[in-house]
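First up is the structure itself, then whatever we jot down about it.
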């Protein structure tokens, strides 16, 4: 999905309108990654203090 949008944009003679479903999907994934990363940081910091 993202690769197709990127290729379409890359070869278009003008900026294409965005597809809201792609933006929503990416935003959702970024929020999940952010939450996972924060949890990982907490886990790592706890291991450092325990050691």
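Numbering (the numbering used here), first residue to last: 14 to 64.
Note that beta-carbon positions come from the ideal geometry of N, C-alpha and C, so glycine has one too.
Keep in mind the model is a prediction, meaning the values are calculated, not measured.
Where residue i falls: helix, strand or coil (DSSP)
| i | result |
| --- | --- |
| residue 28 | coil |
| residue 15 | helix |
Whole-angstrom C-beta distance between residue j and residue i, which should lie under 8 Å
| i | j | result |
| --- | --- | --- |
| residue 18 | residue 32 | 7 Å |
Alpha carbon of residue i to alpha carbon of residue j, nearest angstrom
| i | j | result |
| --- | --- | --- |
| residue 24 | residue 50 | 34 Å |
| residue 56 | residue 39 | 25 Å |
| residue 34 | residue 44 | 15 Å |
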